[in-house]
Amino acid sequence: MLLSRAAARRVVFVGGKGGVGKTSVASALALAQARAGRRVLLVSTDPAHNLGHLWQCTVGPEPRPLVPGLDAVELDPDATVAAHLQQVGDALRRLMPEHLAGEVGKHLSLSQDAPGMHEAALLERIAELVHDGLSRYDLLVFDTAPSGHTARLMALPEMLTAWTEGLLQRQERSERFGAALRSLGRDDGIGARALGGDAPASTPADRDQTIRSLLHRRRHRFEHLRATLADPERTAFFIVLAAERLPVLETIELHAQLRRAGIDVAGLVVNKRAPRDAGAFLAERHAQEAAHLDTLRAALPALPMQQLPLLASDVVGVAALEAFGALLAAPAGTR
Ligand SMILES: Nc1ncnc2c1ncn2[C@@H]1O[C@H](COP(=O)(O)OP(=O)(O)OP(=O)(O)O)[C@@H](O)[C@H]1O
Ligand SMILES: [Mg+2]
Numbered sequence: 227m228l229l230s231r232a233a234a235r236r237v238v239f240v241g242g243k244g245g246v247g248k249t250s251v252a253s254a255l256a257l258a259q260a261r262a263g264r265r266v267l268l269v270s271t272d273p274a275h276n277l278g279h280l281w282q283c284t285v286g287p288e289p290r291p292l293v294p295g296l297d298a299v300e301l302d303p304d305a306t307v308a309a310h311l312q313q314v315g316d317a318l319r320r321l322m323p324e325h326l327a328g329e330v331g332k333h334l335s336l337s338q339d340a341p342g343m344h345e346a347a348l349l350e351r352i353a354e355l356v357h358d359g360l361s362r363y364d365l366l367v368f369d370t371a372p373s374g375h376t377a378r379l380m381a382l383p384e385m386l387t388a389w390t391e392g393l394l395q396r397q398e399r400s401e402r403f404g405a406a407l408r409s410l411g412r413d414d415g416i417g418a419r420a421l422g423g424d425a426p427a428s429t430p431a432d433r434d435q436t437i438r439s440l441l442h443r444r445r446h447r448f449e450h451l452r453a454t455l456a457d458p459e460r461t462a463f464f465i466v467l468a469a470e471r472l473p474v475l476e477t478i479e480l481h482a483q484l485r486r487a488g489i490d491v492a493g494l495v496v497n498k499r500a501p502r503d504a505g506a507f508l509a510e511r512h513a514q515e516a517a518h519l520d521t522l523r524a525a526l527p528a529l530p531m532q533q534l535p536l537l538a539s540d541v542v543g544v545a546a547l548e549a550f551g552a553l554l555a556a557p558a559g560t561r
């Protein structure tokens, strides 16, 4: 089910609670799609960084090949925030009078721990990856951090687009004001040119233009991300869970959150299902799980649900991922 539903999409998100098997499912899916001939980028947005462990190699902030057709990248939230603030700082310092450079630095070092900063920086990086990645890859697979965080992340493009829009409008007003001032002949840049010298490197008009193009680029990226996420033909979200009471209830809640954010949930993956035929203890466990899955079915009747068995050993290395991926091709079932 998972494979056939992912095969037609360009962007797939794999989400769910901690330890349910998101990284295993995302990796197996990415590998299967690469084997099917698509160019795939596997992205981990999880601060816990575990692609490296599973693939038995080091995965960092720049894409690296894992197998032919499959690259991987791990976004480090702290490094992403630092790079983001560096970029904002450079832009601000270029735009502000020199004597305020110290203030810019102070403001930015305070921003480092501001609420929402990690999410905003991560989202900026995701927007960039989706924007640039779709021209180089056929499929982007995101292995996301545990649920609550992910749902908030999914609602952010809307908020950031609105925020950037507000800044642009304010900037347009101040630009008109600046232009009015300049037409009164009080502007240094115009004055310098009137005196016959070369125009200074950064006139107020140049600065306005720089801010505008920065904000426009940003708005364009967020709009692109928003449009991509909201398009069920291109983007799918899969929720991985265990067949237990709380995870089931949380999955129903996550599904509702994603719906509110306009994201299509394409399927559920119930992982680590206890076997029915391996002794009385596990058979009882299996029956208990089935009752929880009935609750899930009743709440989300139309959603395809894939079940994966509890395996005797961990999913580590390419061979294990290939076997795990084969299970993802099975049709969706109910029990
Ligand atoms: N079906 C399965 N049977 C047995 N073990 C499994 C199964 N699926 C995953 N595992 C193992 O469970 C552990 C957690 O899996 P994984 O790292 O994929 O989960 P995760 O949701 O990404 O966790 P985290 O939230 O910490 O990132 C791993 O050791 C993995 O090998
Ligand atoms: Mg993981």
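Just so we're aligned: 311 in the numbering used here is position 85 of the sequence shown, and the numbers increase by one with no gaps anywhere.
The beta-carbon is built from N, C-alpha and C at its ideal position, and this holds for glycine as well.
| query | So, are the CB atoms of T477 and L455 less than 8 angstroms apart? | reply | no
| said: Taking the alpha helix (DSSP H) that S250 belongs to, which residues open and close that run? | reply: According to the DSSP assignment, S250 belongs to the alpha helix (DSSP H) that extends over K248 to R261.
| Which residues mark the beginning and the end of the alpha helix (DSSP H) in which L534 is found? | Careful: L534 lies outside any alpha helix (DSSP H), inside the beta strand (DSSP E) at M531 to P535.
| request: Could you tell me the distance, in whole angstroms, from the CA atom of V299 to the CA atom of P289? | output: 4 angstroms
| message | Taking 7 angstroms as the cut-off, is the beta-carbon of L255 closer than that to any non-hydrogen atom of ligand 1? | response | False, no ligand heavy atom lies under 7 angstroms from that Cβ.
| To the nearest angstrom, how far is it from the Cα of D316 to the Cα of L355? | 21 angstroms
| message | Please tell me whether F463 and L484 are closer than 8 angstroms, where the distance is taken between their beta carbons. | response | yes
| query | Would you call D369 buried or exposed, if buried means 16 or more other Cβ atoms sit within 10 Å of its Cβ? | reply | buried
| query | Near L451, what residues of its chain come up, given a Cβ to Cβ distance below 8 angstroms and the 5 sequence neighbours on each side ignored? | reply | The beta carbon of L451 lies closer than 8 angstroms to those of L349, I352, A353, V356, H357 and P383 in the same chain, with the five residues before and after it left out.
| query | Taking DSSP as the reference, what is the three-state secondary structure of V240? | reply | Looking at V240 - three-state DSSP - the assignment turns out to be strand.
| query | When burial is assigned at 16 or more other CB atoms within 10 Å of the CB, is G331 buried or exposed? | reply | Its Cβ having fewer than 16 others within 10 Å, G331 is exposed.
| said: Quick check on DSSP: helix, strand or coil for R396? | reply: helix
| Can you list, in chain order, the residues of its chain whose CB lies under 7 angstroms from that of M322, leaving out five sequence neighbours each side? | V330
| said: With a threshold of 8 angstroms between beta-carbons, can H325 be considered close to chain C, or not? | reply: Checking the listed chains, one finds no chain C in this structure; it contains a single protein chain.
| field | Candidates A558, L336 and L554: closest to R523 by CA position | value | A558
| message | Since L563 and L255 should fall inside the 8 angstroms C-beta cutoff, what is the C-beta to C-beta distance between them, to a whole number of angstroms? | response | Any question about residue 563 goes unanswered here, given that the chain covers just 227 to 561.
| query | Residue range of the alpha helix (DSSP H) that A371 falls in? | reply | That residue, A371, is in no alpha helix (DSSP H); it is neither H nor E in DSSP.
| task | Note down the Cα distance separating H344 from A506, rounded to an integer number of angstroms. | result | H344 and A506 have their alpha carbons spaced roughly 47 angstroms apart.
| Expressed to the nearest angstrom, what Euclidean distance is found between the alpha-carbon atoms of E466 and H481? | The question names Glu, yet the displayed sequence has Val at residue 466. V466 and H481: Cα-Cα distance of roughly 11 angstroms.
| For Q259 and L365, believed in contact at Cβ under 8 angstroms, the rounded distance | 5 angstroms
| query | Cα separation between A340 and L280? | reply | Their Cα atoms are separated by approximately 33 angstroms.
| When the distance is taken between beta carbons, is S337 closer than 8 angstroms to L301? | no
| message | Please report the distance separating the alpha-carbon of G543 from that of Q282. | response | 6 angstroms
| request: Give the single residue among T521, R444 and A309 whose Cα lies nearest to the Cα of L386. | output: Minimum Cα distance to L386 is reached at R444.
| message | Between the alpha carbons of A388 and S400, how many angstroms are there, rounded? | response | 19 angstroms
| query | For E288, does the three-state DSSP call read helix, strand or coil? | reply | coil
| request: Quick one: residues in its chain with C-beta nearer than 8 angstroms to the C-beta of H442, no 5 flanking neighbours on either side, listed in chain order? | output: L394
| query | Taking just the CA atoms, how far does L534 sit from L553? | reply | 7 angstroms
| task | Put A347 into one of helix, strand or coil per three-state DSSP. | result | helix
| field | Environment of D594 [buried if 16+ CB atoms lie within 10 Å] | value | No answer is possible for residue 594: the residues shown for the chain start at 227 and end at 561.
| According to DSSP, what are the bridge partners of F464? | Bridge partners of F464: V240 and G493.
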